[in-house]
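Here is the structure we will look at, set down as structure tokens.
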Amino acid sequence: MRLRTALFSAASAVCSLALLSACGSGSGTAVSSSGTPLVGVDYPRSDTDFWNSYIKYTPEYAKKLGLSLKTTNSQNDVAKLTANAQTFISQGVKGIAMAPQDTAAIAPTLAQLSAKKIPVVTVDTRPDSGNVFMVVRADNRAYGEKACQYLGTKLGGKGKVVMLEGDLSSINGRDRTEAFNDCMKKNYPDIKVLGEATNWDGAVAAQKLQTDLTANPDVKGVYMQSSFALSGTLQVLKQKVLLVDPKDKKHVFVVSNDGIPEELKDIAAGKIDATVSQPADLYAKYALYYLKAAIDGKTFKPGRTDHDSTIIQVRAGLLEDQLSAPLVTSDGGTYGGVASVKSDDTSLWGNNLG
């Protein structure tokens with residue numbers, strides 16, 4: 001399904017999400033020299049294909065939404081993110097989008113921005129404490145559950161799988177890990193999960209996977225919580241002579257998260273088996289969408305949106321728009337009750353990068 005672009009107008013009396021939002025009056029919007037509202041976007045990192053795609057989409061949607069843009073890159077360092085927020089304040093931005101990877105340590109910065117009445121939208125991650133105008137992410141527990149159902153089905157409910165965890169200081173790492181473990185325990189109790197903390201580091205993931213495969217040659221599945229581990233995982237499987245056709249009895253079933261172009265190609269080629277497509281394009285679009293809404297004085301309520309997602313209330317004063325993130329496979333089948341889309345489906349952002 002292609003998603004339509006929704007624009008907010010400061011003078012409009014009707015909200016684009018009419019079923020969910022109540023329009024605010026706003027008291028006037030400061031603008032950049034170009035006559036458009038100035039917002040800041042901090043990129044969390046630029047060392048993965050997923051985040052580089054997000055970086056590519058951000059200025060495109062800023063232009064479509066009529067926003068002027070200042071950007072920084074915190075390089076997965078919360079201290080740099082804090083410093084970048086100070087830079088944005090000095091530049092006079094009227095809203096900030098960020099993707100804090102340490103979701104606990106960002107609380108003081110959020111409190112400072114709130115005191116200055118600068119609205120914040122967090123992308124991909126949700127702060128452990130403190131409030132922001134909107135969280136834009138997908139349901140990360142569903143990521144773990146979808147990976148579990150796929151691997152559980154493919155392994156026939158028996159065997160061993162390695163889970164290459166993200167950083168457990170991140171809500172995403174915790175959600176994916178807990179959901180995968182809970183799903184396996186409930187639905188596939190005869191599958192043993194070998195959990196490996198990696199701190200989103202591909203080299204660490206590859207080293208731990210190699211150790212696990214050496215000690216457990218009967219491992220039949222790998223769940224990578226992000227495409228950060230893709231290259232290393234494929235290299236290790238090749239070294240172990242396990243990078244074989246899915247019909248070969250030695251095949252190790254691999255599920256990833258992100259939906260980058262390389263994953264989609266690898267699924268089609270039989271190198272990996274599935275991924276969950278995390279919407280890099282929609283993260284950029286709706287981060288800016290909600291920043292403009294905040295600047296325009298609009299508010300939102302829990303419920304279904306007009307862009308195939310659901311806004312939930314996480315806690316008092318904190319809303320999260322959970323965007324769609326489908327399971328992607330080679331055949332578009334249903335696994336453990338989870339429907340998937342084929343890896344060549346043109347609705348996937350990873351198939352639409354120019």
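Just so you know, we're using our numbering here: the sequence shown kicks off at 1 and counts up by one. A virtual CB, placed ideally from N, CA and C, is assigned to each residue, including glycine. Since this is a predicted model, take the numbers as computed values, not measurements.
query = So, helix, strand or coil for D139, using DSSP?
reply = Working through the sequence shown from its first residue, we reach residue 139 at position 139. In the structure shown, D139 sits in coil (DSSP, three-state: anything other than H, G, I, E or B).
query = DSSP three-state call for A325: helix, strand or coil?
reply = Taking the sequence shown and counting its residues from 1, the one referred to as residue 325 is at position 325. DSSP places A325 in coil when its eight states are reduced to three.
key: Contacting residues, own chain, Cβ-Cβ under 8 Å from W349 (five flanking each side not counted)   = As a working note, residue 349 is residue 349 in the sequence shown. Within the same chain, W349 has close Cβ partners S53, G259, S277, P279, A280, D281 and L282.
key: Inter-residue spacing [alpha-carbon to alpha-carbon] between S147 and T177   = Numbered from 1 along the sequence shown, position 147 holds the residue referred to as residue 147. Numbered from 1 along the sequence shown, position 177 holds the residue referred to as residue 177. It should be noted that the sequence gives Ala, not Ser, for residue 147. The straight-line gap from Cα to Cα measures roughly 11 Å.
When A83, D331 and Y150 are compared against T109, the one with the closest alpha-carbon = Looking up residue 109 in the sequence shown gives position 109. The closest CA to that of T109, considering only A83, D331 and Y150, is found on A83.
ask   = For Q225, which beta-bridge partners are listed by DSSP?
value = Mapped onto the sequence shown, residue 225 falls at position 225. For Q225, DSSP assigns no beta-bridge partner whatsoever.
ask   = DSSP on R304, reduced to helix/strand/coil?
value = One-based indexing of the sequence shown puts residue 304 at position 304. Three-state result, R304: strand.
key: Three-state secondary structure (DSSP) of K271   = Stepping through the sequence shown from its first residue, residue 271 is reached at position 271. DSSP places K271 in coil when its eight states are reduced to three.
inquiry  = What ranges does the beta strand (DSSP E) occupy inside the region 199-254, keeping only unbroken runs of at least 3 residues that lie completely in it?
reply    = Positions of the beta strand (DSSP E) runs, each at least 3 residues long and wholly inside the region 199-254, are given as 219-224 in order along the chain.
message = Assuming L151 and Y289 are in contact, meaning their beta carbons sit under 8 Å apart, how far apart are those beta carbons, in whole angstroms?
response = Within the sequence shown, the letter at position 151 stands for residue 151. Within the sequence shown, the letter at position 289 stands for residue 289. Their Cβ separation, rounded to whole angstroms, is 35 Å, which puts L151 and Y289 out of contact at 8 Å.
request  = Pull up the CB-CB distance for K158 and D190, whole angstroms please, since I reckon it's below 8 Å.
outcome  = As a working note, residue 158 is residue 158 in the sequence shown. As a working note, residue 190 is residue 190 in the sequence shown. Between the beta-carbon of K158 and that of D190 there is about 5 Å, and that keeps the pair under the 8 Å contact cut.
key: S53 - DSSP class collapsed to helix/strand/coil   = Within the sequence shown, the letter at position 53 stands for residue 53. Reduced to three states, the DSSP call for S53 is helix.
message = Among the candidates G156, A197 and M224, whose CA atom is the shortest distance from the CA of G336?
response = For the purposes of this step, residue 336 is identified with residue 336 of the sequence shown, where counting begins at 1. Measuring from the Cα of G336, the nearest candidate turns out to be G156.
ask   = Assuming A62 contacts S169 under a Cβ cut-off of 8 Å, what Cβ separation, rounded to an integer in Å, is found between them?
value = Mapped onto the sequence shown, residue 62 falls at position 62. Mapped onto the sequence shown, residue 169 falls at position 169. 30 Å between Cβ atoms; not a contact.
key: Nearest-angstrom Cα separation, counted from K186 out to G26   = Within the sequence shown, residue 26 is the residue found at index 26, counting from 1. Within the sequence shown, residue 186 is the residue found at index 186, counting from 1. Interpretation of G26 is limited by its pLDDT of 32, a score under 50 that renders its predicted location unreliable; the figure taken from the coordinates is listed afterwards. Rounded to the nearest angstrom, the two C-alpha atoms are 49 Å apart.
query = Which residue comes first and which comes last in the alpha helix (DSSP H) that contains A104?
reply = Numbered from 1 along the sequence shown, position 104 holds the residue referred to as residue 104. Counting along the chain, A104 falls outside any alpha helix (DSSP H), and DSSP gives it neither H nor E.
inquiry  = Measuring CB atoms only, is the region 250-268 touching the region 299-308, in the sense that at least three cross pairs come out at less than 8 Å?
reply    = By the C-beta criterion, the region 250-268 is judged not to be in contact with the region 299-308, since fewer than 3 inter-stretch pairs fall below 8 Å.
message = Between the alpha carbons of N351 and D218, how many angstroms are there, rounded?
response = Taking the first residue of the sequence shown as 1, we reach residue 351 at position 351. Taking the first residue of the sequence shown as 1, we reach residue 218 at position 218. Rounded to whole angstroms, N351 and D218 show a C-alpha spacing of 34 Å.
query = Going by C-alpha distance, which of G332, T299, Y286 and A293 is nearest V136?
reply = Against the sequence shown, residue 136 aligns to sequence position 136. Here the closest residue by C-alpha is Y286.
ask   = When DSSP builds the beta bridges, which residues end up paired with D258?
value = The residue given as residue 258 occupies position 258 in the sequence shown. Note: D258 sits in a beta bridge opposite S277.
ask   = Once you ignore the five residues that flank F228 on each side, which residues in its own chain have a CB closer than 6 Å to its CB?
value = Mapped onto the sequence shown, residue 228 falls at position 228. T48, W200 and G202.
inquiry  = Quick check: what's the CA-CA separation for D321 versus A107?
reply    = Along the sequence shown, read from residue 1 onward, the residue named residue 321 stands at position 321. Along the sequence shown, read from residue 1 onward, the residue named residue 107 stands at position 107. Across the structure, D321 and A107 are spaced so that their CA atoms are roughly 20 Å apart.
key: Start-to-end residues for the beta strand (DSSP E) that takes in Q313   = Position 313 of the sequence shown, counted from the first residue, corresponds to residue 313. Where Q313 is concerned, the enclosing beta strand (DSSP E) stretches over T310 to R315.
query = Do you know whose CA, among A339, K271 and L319, lies nearest T125's CA?
reply = As a first step, residue 125 is located in the sequence shown; it is residue number 125 there, counting from the start. For T125, the closest alpha carbon among the candidates A339, K271 and L319 is that of L319.
ask   = Contact between the region 91-103 and the region 64-80: three or more CB pairs below 8 Å?
value = Result yes; three or more Cβ-Cβ pairs closer than 8 Å.
request  = For the alpha helix (DSSP H) containing K80, list its first residue and its last residue.
outcome  = Position 80 of the sequence shown, counted from the first residue, corresponds to residue 80. Run containing K80: V78 to Q91, per the alpha helix (DSSP H) assignment.
task = Could you name the residues of the same chain whose beta carbon sits closer than 6 Å to that of V338, not counting the 5 residues immediately before and after it, in chain order?
result = Your numbering for residue 338 matches position 338 in the sequence shown. Correct list, in chain order: K146, Q149 and L327.
ask   = Are L242 and G95 touching if we call contact CB-CB under 8 Å?
value = The residue you call residue 242 lines up with position 242 of the sequence shown. The residue you call residue 95 lines up with position 95 of the sequence shown. Not a contact, by the Cβ cut-off of 8 Å.
message = I need the straight-line Cα distance from I312 to K247, nearest angstrom please.
response = Position 312 of the sequence shown, counted from the first residue, corresponds to residue 312. Position 247 of the sequence shown, counted from the first residue, corresponds to residue 247. Distance from the CA atom of I312 to the CA atom of K247, rounded to whole angstroms, is 41 Å.
key: Simplified DSSP state of K116, which is helix, strand or coil   = Taking the first residue of the sequence shown as 1, we reach residue 116 at position 116. Assignment of K116 by DSSP, reduced to helix, strand and coil, places it in the coil class.
Under 8 Å between C-beta atoms of L164 and M98 = The residue labelled residue 164 in the question sits at position 164 within the sequence shown. The residue labelled residue 98 in the question sits at position 98 within the sequence shown. Not a contact, by the Cβ cut-off of 8 Å.
ask   = Are T329 and D245 close, meaning C-beta to C-beta below 8 Å?
value = In the sequence shown, counting from the first residue as 1, residue 329 sits at position 329. In the sequence shown, counting from the first residue as 1, residue 245 sits at position 245. Between T329 and D245, the C-beta gap is not smaller than 8 Å, which leaves the two residues out of contact.
message = Quick check: the Cα distance between L113 and Q210, rounded to an integer number of angstroms?
response = For the purposes of this step, residue 113 is taken as residue 113 along the sequence shown, with counting starting at 1. For the purposes of this step, residue 210 is taken as residue 210 along the sequence shown, with counting starting at 1. In this structure, the straight-line span from the alpha carbon of L113 to that of Q210 is close to 44 Å.
request  = Return helix, strand or coil for K154, following the three-state DSSP convention.
outcome  = For the purposes of this step, residue 154 is identified with residue 154 of the sequence shown, where counting begins at 1. Under the three-state reduction of DSSP, K154 is assigned to helix.
ask   = So, S68 versus I55, is the Cβ gap smaller than 8 Å?
value = Here the question's residue 68 lines up with position 68 in the sequence shown. Here the question's residue 55 lines up with position 55 in the sequence shown. The answer is no: Cβ separation not under 8 Å.
query = Is V193 near the ligand NAD, with its Cβ less than 7 Å from a heavy atom?
reply = For the structure depicted, the ligand NAD is absent and the ligand set is empty, with no information on it obtainable.
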